[in-house]
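A short write-up of the structure that comes next.
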Amino acid sequence: MRRFLAFRSRSPRVADLPPVSASWTGASPPTCPVCRALLAGAPRYVRHRVCDNCGFHFRLGARERLARLVDPDTFRETDAHLVSDDPLDFADDLPYRDRLVAQREQTGLTDAAVTGTGKLRGHRVSLAVLDFGFMGGSMGVVVGEKVARAAEVARRERQPLVTVVASGGARMQEGILSLLQMAKTAAAIQRLHDEGVPHLSVLTNPTTGGVFASFASLGDVIVAEPAALIGFAGPRVVEQTLGVALPPGSHTAEFLLAHGMIDDVVDRGRLRAYLGTLLDTLDAPRSRRKPAGHPMGAAATAPRLSPWEIVQRARDPERPTALDYIERMTEGFVELHGDRESGDDPAIVAGVGLLDGRPLAIVGMERGHGEDAARRHFGRPYPEGYRKAQRLMRLAARVGLPVVTLVDTPGAYPGVEAEERGLAGEIAETLALMSGLQTPTVAVVIGEGGSGGALALALADRVLMQEQAIYSVIAPEGAAAILYRDAGRAAEIAPSLRLVAPDLRQVGVVDAIVPEPSGGARCDPDAAAAILQDAIVRHLDTLQAQPIDRLVRARFERYQRVGRDRTRIEEVAHRDPRANRGEPVGVEAGTTPGASTTDGEPRGSEEHRQARPPEPGVTDHQDQPPRPSR
96 MRRFLAFRSR SPRVADLPPV SASWTGASPP TCPVCRALLA GAPRYVRHRV CDNCGFHFRL
156 GARERLARLV DPDTFRETDA HLVSDDPLDF ADDLPYRDRL VAQREQTGLT DAAVTGTGKL
216 RGHRVSLAVL DFGFMGGSMG VVVGEKVARA AEVARRERQP LVTVVASGGA RMQEGILSLL
276 QMAKTAAAIQ RLHDEGVPHL SVLTNPTTGG VFASFASLGD VIVAEPAALI GFAGPRVVEQ
336 TLGVALPPGS HTAEFLLAHG MIDDVVDRGR LRAYLGTLLD TLDAPRSRRK PAGHPMGAAA
396 TAPRLSPWEI VQRARDPERP TALDYIERMT EGFVELHGDR ESGDDPAIVA GVGLLDGRPL
456 AIVGMERGHG EDAARRHFGR PYPEGYRKAQ RLMRLAARVG LPVVTLVDTP GAYPGVEAEE
516 RGLAGEIAET LALMSGLQTP TVAVVIGEGG SGGALALALA DRVLMQEQAI YSVIAPEGAA
576 AILYRDAGRA AEIAPSLRLV APDLRQVGVV DAIVPEPSGG ARCDPDAAAA ILQDAIVRHL
636 DTLQAQPIDR LVRARFERYQ RVGRDRTRIE EVAHRDPRAN RGEPVGVEAG TTPGASTTDG
696 EPRGSEEHRQ ARPPEPGVTD HQDQPPRPSR
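Going by my numbering, the residue at position 292 of the sequence shown is 387; the numbering climbs one at a time, nothing skipped.
The structure is reproduced here in structure tokens:
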């Protein structure tokens, strides 16, 4: 029986990587194949093999790639002598075994993957990099085995896995054994996911076939180089197989970004910094940090405003948006894009970063300012926005990051496009996910919290609300149109909706009110962000001190209690047999329907209020200084 893998046990070695700044020494100066610019001595070409004129990215070999990613003298190669032994005795115009020998001599590699461990901006990582120069970077048994082993090292050492792909797909010379490497590598990455170890996937030119349809598409974060050809089947294969012409720009990194399949398109010159910033959050210690604290003196006693005046302030176009707060509150924030199904909704901003030194995931509803507001649908999310939020939340729970949501929307986008793509189902799915998410959650209403579209991101362990924000089942205009057939009476109906922060805290919907600077958040966004940051950090500090199972149970019980007392009152009234027989009840009978508790104390009495235990997950304070008595 012919064996197809040769396992040679040798100790890992520090790789001999080429220098990153090697200058051109060829006989003729290099030119860009796209713009024909001469590149000899051009800085970007010398350093990154990128055209200084048009940005075209030349292909890099695996070792060149590693030299540009890992910290100097830290890469230690593993499984360097794992080789294929022609499992099918395959031959075309050249026996496969002879072809392998020629490829090894030409590239200096034993196969199309180089794997090992090293440091990336100080973070210990496992790496698997494919080299297109070795049989088109195709995945045979050796490539699949080395990728799976790299994932296992990452899992065992609990260090992130970074994969960089340049591949034409499966290796036909190894037949079905090559095809099954898709299953092997996908299973290895899933095991990594189950252990909460991050996988960062980089797609380069080209990325196609079985590699793209297995481990390369299973990254927690997926980025691609500009203009890289990416797709399950290459454009030429698609056109010849289906007999149809493809639209311009299909099968590119930019096409995938626009359709929600990858997180970003990253120029090679900033790829190392991008991955390092991500690792600063994803690989950060999960121990709690002592909050730095921000002086609450930045807040001022707000004048008494009517509910309708607060509605106007909450909707103010100049009021800080989610991105305004994220930029001011976080360090190293990396925005992630796409729902991995159909698109990237600009009305939802999602990413990871550091808040007061602690790693976390942030999801915000983004209204935008000025001309950008229309691009962001004025903060009305589409179904793909909720799917993007779900994706980030699942990633956060998997790797142990708390989740903070910033709620600011007049409501989900109600158009037919949203209905076609399953809007109601995605809102429901987001609610269900947040109810049992295995990580601490804090939601903050920072502007307008409109209906179920807002609630989808507000089912949290702690719900905070800025004092000039609103949160309601319906907009005042909608309520007035329904009740009075006149939307112009919105100011009249606004107080009855109980949509301002003090009312919502009184009924237990909101746990704490976050004060704003004098004149509102728009007058001093920096101070507003500092106050908000302090409130979030203090609540996270409390939440992260609790066991996660207790936290999730308290979250479930909290929302199960909503309205339960008032439902019980109605049930008592309807069940009273005297009422059914026409006998006097309530005041006429000497009692008030529903006025007694199960222990006999009058509901609402001082004795009952004092005896009633505090509700789990609800604080007895609000995040604002005491106000002077009037």
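The C-beta atom is built at its ideal place from N, Cα and C for all residues, glycine as well.
How big is the Cα-Cα spacing for residue i and residue j?
i	j	result
D378	R645	25 Å
P571	F651	30 Å
V224	L161	8 Å
E514	S437	14 Å
L594	S567	5 Å
F327	G465	39 Å
G314	R139	28 Å
I284	L256	9 Å
I357	L215	22 Å
P597	A409	15 Å
R399	E562	11 Å
H288	T280	12 Å
R470	L133	39 Å
R251	A245	10 Å
P125	A135	6 Å
I569	V406	12 Å
P723	L518	Any reading at P723 must be qualified, since the residue scores a pLDDT of 41, below 50, and its modelled position is unreliable; the value itself is stated next. Near 46 Å, if we compare the C-alpha coordinates of L518 and P723.
L324	E512	29 Å
L501	L373	21 Å
Could you pull out every residue in the same chain whose Cβ sits closer than 7 Å to the Cβ of residue i, ignoring the five residues on either side in sequence?
i	result
A311	T258, V260, S296, L298, T302
Q198	F229, M230
P476	D440, A442, I443, M460, T504, A507, Y508, G548
Q705	Unreliable placement is indicated for Q705, whose pLDDT of 42 sits below 50; no coordinate value is reported for it.
G270	L183
R435	G355, M356, R486
A207	L225, D226, F229, M230, G232, S233, V238
E334	A340, L341
Only counting the same chain, and skipping five residues up and downstream in sequence, which positions put a Cβ closer than 8 Å to that of residue i?
i	result
A575	D581, A582, G583, R584, A585, E587, I588
D419	P620, A624
A368	R216
Take the Cβ of residue i as the centre, count every other Cβ of all protein chains shown within 10 Å, and call the residue buried at 16 or more, exposed below.
i	result
E543	buried
P454	buried
I457	buried
Y579	exposed
E240	buried
C146	buried
Y654	exposed
D630	In the sequence as presented, Asp is not what sits at residue 630; that position holds Ala. With 16 or more other Cβ atoms within 10 Å, it is buried.
L341	exposed
G615	buried
S401	exposed
S591	exposed
V237	buried
T336	exposed
T536	buried
V429	buried
R628	Looking at the sequence itself, residue 628 is Gln, so the reference to Arg does not match. Result: buried.
S123	exposed
T205	buried
Since I believe residue j is in contact with residue i (beta carbons under 8 Å), could you give me their beta-carbon distance rounded to a whole number of angstroms?
i	j	result
S221	V178	Between V178 and S221 the Cβ distance is about 21 Å, and since that is not below 8 Å, they are no contact.
L490	T525	Between T525 and L490 the Cβ distance is about 14 Å, and since that is not below 8 Å, they are no contact.
G364	H143	5 Å
D187	T202	Not confirmed; about 20 Å, so no contact.
L352	H432	6 Å
L449	E422	Rounded, the Cβ-Cβ distance is 13 Å, inconsistent with contact.
Sorted by chain position, which residues of the same chain lie with C-beta nearer than 6 Å to residue i's C-beta, five sequence neighbours on each side aside?
i	result
G520	none
D181	Y191, R192
V558	A538, V605, D606
C130	N148, C149
P330	L341, H346
F153	R144
R219	Q254
M529	L554
A137	D147
Closer than 8 Å to a non-hydrogen atom of the ligand FMN - does that hold for the CB of residue i?
i	result
G480	This structure simply doesn't include the ligand FMN, nor any ligand for that matter.
Original post:
Whole alpha helix (DSSP H) runs in the segment 254 to 320 with 4 or more residues, listed along the chain?
Top reply: 270 to 274, 276 to 289, 304 to 307
Subject >> Those runs of the alpha helix (DSSP H) which lie wholly inside the segment 557 to 602 and span at least 4 residues >> reply: 571 to 578, 585 to 588, 596 to 601
Original post:
Which residue spans inside the segment 160 to 213 form an unbroken alpha helix (DSSP H) run of at least 4?
Top reply: 191 to 202
**OP:** Enumerate, from N- to C-terminal direction, the unbroken alpha helix (DSSP H) stretches of 4 or more residues contained entirely within the segment 424 to 492.
**Re:** 467 to 470
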